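Chemist:
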Amino acid sequence: MAVLQAEAKGRERVLAAAKAAKEAAERKAKLEAEETRRAQSFVKRVTDSEANGGFNFKSLDHFFTALWRTGSGGDQQMSRVISKYVKDHGVAHATNMFRRSQEAKEEFISQEMAEIFEREGRAIQALLTRDGTSITELLKDFSMEYLAAEIEANAPHLWAALANHLTVHTSDRYFQVFTTICALISVLRSQKANNFQLVIGLFLLGSGASKREMEVLAHAGLSVSYTTIIDHVKDLSREGLEKIREVCRTCMVQLVWDNLNIAFKVAAQRLKAKSHFDSGTTSTVILVFDPSTGTTARQGTLPLDIKPARERTLPVLDWSPEDVLPSPESAAQLSSSCFWQLKRMALEHIPDVSEELKKSLGECPEINQIPLHQTLQYPLPALKEDESTLDGTFTVYTKNLKTMGMGDAELEKHGLMIDDGDLLTDSLKEKIESARRNSTAPIAGMRASVRRWGLFHGQMAGCRLTINEHWGMPNSLWPGGLWWEHNKLLKRKPLMAGWGGKKATEWKPAQELIHISLPAHIVDGFRIHCGRENLSDWAKSATVSEFEAVAKTVFDKLFSTAAINDLRARGENDITLENAILYNRDALFYVELTQAIKKGDIGRVLNVLAIWMVMMRAPKTMPRELYLANWLVNLSGKLFGFKPVDLLQEHQNFWAKIVYNAKGTNKSWKWLSMITVCIFTLRDAMRTVVLIAKALQDEKIQTYVVDRPANDHVSPVRDLIKEGAVYADSRKAFHRFTRDTRKPEKRGLDTVDTGATHEEGGQGGAAEEPEDYDPTEDDLRVDDEEFLLEPDEILASAMDMVDSALVDSDVEDQ
Numbered sequence: 040m041a042v043l044q045a046e047a048k049g050r051e052r053v054l055a056a057a058k059a060a061k062e063a064a065e066r067k068a069k070l071e072a073e074e075t076r077r078a079q080s081f082v083k084r085v086t087d088s089e090a091n092g093g094f095n096f097k098s099l100d101h102f103f104t105a106l107w108r109t110g111s112g113g114d115q116q117m118s119r120v121i122s123k124y125v126k127d128h129g130v131a132h133a134t135n136m137f138r139r140s141q142e143a144k145e146e147f148i149s150q151e152m153a154e155i156f157e158r159e160g161r162a163i164q165a166l167l168t169r170d171g172t173s174i175t176e177l178l179k180d181f182s183m184e185y186l187a188a189e190i191e192a193n194a195p196h197l198w199a200a201l202a203n204h205l206t207v208h209t210s211d212r213y214f215q216v217f218t219t220i221c222a223l224i225s226v227l228r229s230q231k232a233n234n235f236q237l238v239i240g241l242f243l244l245g246s247g248a249s250k251r252e253m254e255v256l257a258h259a260g261l262s263v264s265y266t267t268i269i270d271h272v273k274d275l276s277r278e279g280l281e282k283i284r285e286v287c288r289t290c291m292v293q294l295v296w297d298n299l300n301i302a303f304k305v306a307a308q309r310l311k312a313k314s315h316f317d318s319g320t321t322s323t324v325i326l327v328f329d330p331s332t333g334t335t336a337r338q339g340t341l342p343l344d345i346k347p348a349r350e351r352t353l354p355v356l357d358w359s360p361e362d363v364l365p366s367p368e369s370a371a372q373l374s375s376s377c378f379w380q381l382k383r384m385a386l387e388h389i390p391d392v393s394e395e396l397k398k399s400l401g402e403c404p405e406i407n408q409i410p411l412h413q414t415l416q417y418p419l420p421a422l423k424e425d426e427s428t429l430d431g432t433f434t435v436y437t438k439n440l441k442t443m444g445m446g447d448a449e450l451e452k453h454g455l456m457i458d459d460g461d462l463l464t465d466s467l468k469e470k471i472e473s474a475r476r477n478s479t480a481p482i483a484g485m486r487a488s489v490r491r492w493g494l495f496h497g498q499m500a501g502c503r504l505t506i507n508e509h510w511g512m513p514n515s516l517w518p519g520g521l522w523w524e525h526n527k528l529l530k531r532k533p534l535m536a537g538w539g540g541k542k543a544t545e546w547k548p549a550q551e552l553i554h555i556s557l558p559a560h561i562v563d564g565f566r567i568h569c570g571r572e573n574l575s576d577w578a579k580s581a582t583v584s585e586f587e588a589v590a591k592t593v594f595d596k597l598f599s600t601a602a603i604n605d606l607r608a609r610g611e612n613d614i615t616l617e618n619a620i621l622y623n624r625d626a627l628f629y630v631e632l633t634q635a636i637k638k639g640d641i642g643r644v645l646n647v648l649a650i651w652m653v654m655m656r657a658p659k660t661m662p663r664e665l666y667l668a669n670w671l672v673n674l675s676g677k678l679f680g681f682k683p684v685d686l687l688q689e690h691q692n693f694w695a696k697i698v699y700n701a702k703g704t705n706k707s708w709k710w711l712s713m714i715t716v717c718i719f720t721l722r723d724a725m726r727t728v729v730l731i732a733k734a735l736q737d738e739k740i741q742t743y744v745v746d747r748p749a750n751d752h753v754s755p756v757r758d759l760i761k762e763g764a765v766y767a768d769s770r771k772a773f774h775r776f777t778r779d780t781r782k783p784e785k786r787g788l789d790t791v792d793t794g795a796t797h798e799e800g801g802q803g804g805a806a807e808e809p810e811d812y813d814p815t816e817d818d819l820r821v822d823d824e825e826f827l828l829e830p831d832e833i834l835a836s837a838m839d840m841v842d843s844a845l846v847d848s849d850v851e852d853q
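The following block contains the structure:
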């Protein structure tokens, strides 16, 4: 009963509430109807005559026009009330008004948006029009992210309209699509508003797109036409030359050049069109970095009078043993750096090393770190001059100075100019300085030239030094030596190495072999001296102090000259082990130089070169701070971004050869001189490291074995440091480095003895040097900073590009 009563009361409350709501709605509707009636009555009075109590407006449009009018008298207080109303309720007012007519709404929006889009279209057009901006600045500053932000700021309504079409599945890089759409709108308004299309066109040209692809994209509005691209490349070349002359007028610069050899192949040969081989030269101007100020060196930093005058045909140098031998300090520094490199490679290649050990490594001790900076380079036009001769080298030197806008007066104002190049270039410039030593003119006498050979070529020489000395006996039955590791274990393509080779050893495979072989030797050394049967188990549990102790033991017993002396002090020598230790030491020197170059620590580089200077004296081998700080360049300005100056020029040659060789039968150096102004590994080898390390363990190569059978058949390698140190006491060194005090006397004609031999010739002379080695495409690909494409990928575009350029050149010549 109580439940039924409760339910009845509940229904009554619901009915009462519904009735109350209905009554409230009726009252509201009645009130709204009354308000509407009164509002309509007021509107009626707006158009009624004053005699009928109205306001005598011709129409409602006339009334509302007067109501919204500003600045035409009236009650200012009421005007402010109306303005506040529009500000607070204008959106709702317009919405309610447009509900009466969809056509009026659409017409209003169309007119307003047309005006807004017209205004924003003009803003985008102005943004993408170059005006006074050079092509160089446009390419330098171009960024899709920055351009998207600029367009969104200048055309917010257009950008918002595009953004309304985004979905949850839209890529995060939608701004690139929006930017492209806005760029298409801009070029529709004006063909001159084509900054975006020009950058895309130059990108297509550099990426190897064919002429047909460029033209299709140009018709779609995404790029400029092919002809326009070529015209802008010419403009870019002119801008580059102007920029070079500008920096040479204000800054101290250095110069690097290298030979460029190109084979011209003609399918159908004619009298004036035959297959031939041309030799030219490419050069680059580099701004000099001043380490004392941390900025670009200014003109006159090194006056010409700093360089001593050349007085003799042969250079006379005042030197002491400290200048040509490693000092105890540098030897200790090199030992510390090599020990760090050993630990680094051990932590990288020993399996299951704990994170604690990896974090404990720290940085390699610095000696003389070049401050981090970005090197600026400016390629010069290619010259059809063979720099491999004395006349050719001097012609290249003078023509480069002329291109840079430097005569004798300008060069004297500039001061000394460091010239980089390979060893041939350095030798030729030295001979020219000797022949022109009596000239006082800065250019004719080469008084401003400061020669400097490239570290990249020195790096290749050091690599070949290590490979050739430790190559071992090919086809030997006994394990040990790099031939055994390269050919027998890794089963790689045979490599021509060893001092008996008639050709220089290829650098890239030789470097790869060292970077794979040396870590394997290190891993095997840790296996021997860690005190555990399983190296992986030791690595998991080893503490930092234990790792340091084992690393020191491995370094002392398997990577040092002292270990060789200890072994040879024993009665019974283990030739195989001694050879392995000498290889470990020499290979570690090379790895240290490679890492020091990347890091930009010129002090560490000099420490290795001081040792190599001694080692390369063995038979069968080959203003300071500013000078050293610019021996390496850093184009990216990033850590570990340094590279030798001559490697930079080798990359310039590589790109020039690709672009120029791609044209097939075209023959003009005029095009190459223009395009060169515009031009701008760590491999996963764990498996091969493990393979070599396992073989070292099985054959006990790095373990002392009494009466090893191979010792009677394996030739001991030389300790090149010891061999080189003996050179200073040799007759040849005495003859070469003793100043000649004799004076010639005129005694008539000499009688020529055709049977005489040179004092240094004969059997005691040095062996014939292998032919000079030119870096290959594979060698240059080791530099992972360069963005290198396959030559075939830009074949079509280069052919079309040069065809067009040659036609234009022929027209201009006529």
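Sequential numbering of the sequence shown, starting at 40, is according to this note's numbering.
The beta carbon of each residue, even a glycine, is placed where N, CA and C say it ideally should be.
Quantities reported herein were computed from a predicted structural model and do not represent experimental measurements.
1. From residue 202 to residue 184, what does the alpha carbon distance come to, in whole angstroms?
2. Would you list the one or two residues that DSSP bridges to residue 301?
3. If you drop the 5 nearest sequence neighbours on each side, which residues of the same chain put their C-beta closer than 7 Å to that of residue 40?
4. Please state whether the Cβ-Cβ distance between residue 575 and residue 390 is less than 8 Å.
5. State the beta-bridge partners of residue 378 as determined by DSSP.
6. Might you give, ordered along the chain, the residues of its own chain that have their beta carbon closer than 7 Å to the beta carbon of residue 804, omitting 5 neighbours on each side?
7. What residues match up with residue 489 in a beta bridge as DSSP calls it?
8. Strictly by DSSP, which residues pair up with residue 337?
9. Using the C-alpha atoms, what's the distance from residue 578 back to residue 572?
10. Which residues in the same chain as residue 50 place their Cβ atom closer than 8 Å to its Cβ, once the five residues preceding and following it in sequence are excluded?
11. Please report the residue range of the alpha helix (DSSP H) in which residue 436 lies.
12. Using C-beta distances below 7 Å, list every residue in its chain close to residue 144, excluding the 5 sequence neighbours before and after it, in chain order.
13. Is residue 401 near the ligand MN, going by C-beta to nearest heavy atom under 7 Å?
14. Can you tell me whether DSSP reads residue 390 as helix, strand or coil?
15. Name the DSSP bridge partner or partners of residue 323?
16. Going by other Cβ atoms of all chains shown within 10 Å of its Cβ, with 16 needed for buried, is residue 534 buried or exposed?
17. Just the C-alpha distance for residue 360 and residue 370, rounded to the nearest angstrom, thanks.
18. Apply the 10 Å Cβ neighbour rule to residue 285 and answer buried if 16 or more other Cβ atoms are within range, or exposed otherwise.
19. Should residue 884 go down as buried or exposed, given a rule of 16 or more other Cβ atoms within 10 Å for buried?
20. Which one of 232, 80, 760, 288 has the shortest CA to CA distance from residue 451?
21. Using the beta-carbon count (16 or more within 10 Å), is residue 225 buried or exposed?
22. In whole angstroms, give me the CA-to-CA distance for residue 646 and residue 760.
23. If you follow the alpha helix (DSSP H) that residue 758 is part of, which residue opens it and which one closes it?
24. Please name the residue in 485, 339, 244, 490 whose C-alpha comes closest to that of residue 271.
25. Compare the Cα-Cα distances from residue 199 to each of 186, 217, 212, 182 and report the closest residue.
26. Relative to the C-alpha of residue 319, which residue among 488, 421, 401 is closest?
27. Report the partner residues of residue 328 according to the DSSP bridge assignment.
28. In this structure, does DSSP put residue 640 in helix, strand or coil?
29. What would DSSP say about residue 741, mapped onto helix, strand or coil?
30. Among residues of its own chain, excluding the 5 on either side of residue 465, which ones have a beta-carbon nearer than 8 Å to its beta-carbon?
31. Name, in chain order, the residues that DSSP records as bridge partners for residue 408.
32. Suppose you measure from the CA of residue 831 to the CA of residue 250; what does that come to, to the nearest Å?
33. Pick helix, strand or coil for residue 522, following the three-state DSSP scheme.
34. Taking contact to mean 3 or more Cβ pairs, one atom from each stretch, closer than 8 Å, check whether the segment 624-638 and the segment 503-515 are in contact.
35. Buried or exposed for residue 683, please, with buried defined as at least 16 other CB atoms from any protein chain shown within 10 angstroms of its CB.
36. Can you tell me which of the three DSSP states residue 164 falls into?
Modeler: Checking against the coordinates, here is how it stands:
1. Reading the sequence shown from its first residue, position 163 is the one you call residue 202. Reading the sequence shown from its first residue, position 145 is the one you call residue 184. Those two C-alpha atoms are separated by around 16 Å.
2. Counted from its first residue, the sequence shown places residue 301 at position 262. Paired residues: 317.
3. Along the sequence shown, one-based indexing puts residue 40 at 1. The answer is none, since no qualifying residue turns up.
4. Counting from one through the sequence shown, the residue named residue 575 turns up at place 536. Counting from one through the sequence shown, the residue named residue 390 turns up at place 351. Taking 8 Å as the Cβ cut-off, residue 575 and residue 390 qualify as a contacting pair.
5. Here the question's residue 378 lines up with position 339 in the sequence shown. Paired residue(s): none; residue 378 is not in a bridge.
6. By one-based count along the sequence shown, residue 804 stands at place 765. For residue 804, the pLDDT reaches just 39, beneath the cut-off of 50, and the residue's location in the model is therefore unreliable, although a value from the coordinates is still provided. Answer for residue 804: no residue qualifies.
7. Here residue 489 refers to the residue found at position 450 when the sequence shown is read from its first residue. 457, per the DSSP bridge assignment.
8. Within the sequence shown, the letter at position 298 stands for residue 337. Its beta-bridge partners are 290.
9. As a position in the sequence shown, residue 572 is number 533, starting the count at 1. As a position in the sequence shown, residue 578 is number 539, starting the count at 1. Spanning the two alpha carbons is a distance of roughly 12 Å.
10. Numbered from 1 along the sequence shown, position 11 holds the residue referred to as residue 50. Excluding residues within five positions, none has a Cβ falling inside 8 Å.
11. One-based indexing of the sequence shown puts residue 436 at position 397. From DSSP, the alpha helix (DSSP H) with residue 436 extends over 429-442.
12. Against the sequence shown, residue 144 aligns to sequence position 105. Same-chain partners within the cutoff: 137.
13. The ligand content of the structure shown is nil, which means the ligand MN is not present either.
14. Residue 390 sits at position 351 when you count from the first residue of the sequence shown. In this structure, residue 390 counts as coil in the three-state DSSP scheme.
15. Residue 323 sits at position 284 when you count from the first residue of the sequence shown. In DSSP, residue 323 forms a bridge with 295, 418.
16. Against the sequence shown, residue 534 aligns to sequence position 495. The residue is buried, with at least 16 neighbouring Cβ atoms inside 10 Å.
17. Stepping through the sequence shown from its first residue, residue 360 is reached at position 321. Stepping through the sequence shown from its first residue, residue 370 is reached at position 331. Distance between the alpha carbons of residue 360 and residue 370: 15 Å.
18. Residue mapping note: residue 285 aligns to position 246 of the sequence shown, counting from 1. Exposed, because fewer than 16 other Cβ atoms sit within 10 Å of the Cβ of residue 285.
19. Since the displayed the chain opens at 40 and closes at 853, residue 884 lies outside it and no answer follows.
20. Along the sequence shown, read from residue 1 onward, the residue named residue 451 stands at position 412. Ranking the options by Cα distance to residue 451, first place goes to 288.
21. Here residue 225 corresponds to residue number 186 of the sequence shown, with the count starting at 1. Residue 225 is buried by the Cβ-count criterion.
22. Start at 1 with the first residue of the sequence shown, and residue 646 comes out as number 607. Start at 1 with the first residue of the sequence shown, and residue 760 comes out as number 721. For residue 646 and residue 760, the distance between alpha carbons rounds to 14 Å.
23. In the sequence shown, the residue the question calls residue 758 occupies position 719. Note, residue 758: premise wrong, no alpha helix (DSSP H); not H, not E.
24. Reading the sequence shown from its first residue, position 232 is the one you call residue 271. The candidate whose alpha carbon is nearest that of residue 271 is 244.
25. To locate residue 199, count along the sequence shown from 1; it is residue 160. Considering only alpha carbons, the answer is 217.
26. As a first step, residue 319 must be located in the sequence shown, where it is residue number 280. Among 488, 421, 401, the Cα nearest to that of residue 319 is on 421.
27. Residue mapping note: residue 328 aligns to position 289 of the sequence shown, counting from 1. Note: residue 328 sits in a beta bridge opposite 335.
28. Here residue 640 refers to the residue found at position 601 when the sequence shown is read from its first residue. Here residue 640 sits in strand by DSSP.
29. By one-based count along the sequence shown, residue 741 stands at place 702. Here residue 741 sits in coil by DSSP.
30. Along the sequence shown, one-based indexing puts residue 465 at 426. The answer, listed in chain order, is 490, 491, 492.
31. As a first step, residue 408 is located in the sequence shown; it is residue number 369 there, counting from the start. The partner list for residue 408 (beta bridge, DSSP) reads 640.
32. Numbered from its first residue, the sequence shown carries residue 831 at position 792. Numbered from its first residue, the sequence shown carries residue 250 at position 211. Low per-residue confidence applies at residue 831: pLDDT is 45, beneath 50, and the placement is therefore not dependable enough to give any value.
33. Against the sequence shown, residue 522 aligns to sequence position 483. Residue state, collapsed to three classes: helix.
34. yes
35. Here residue 683 refers to the residue found at position 644 when the sequence shown is read from its first residue. Buried: at least 16 other Cβ atoms inside 10 Å.
36. The count along the sequence shown starts at 1 and reaches residue 164 at position 125. Note: residue 164 maps to helix in three-state DSSP.
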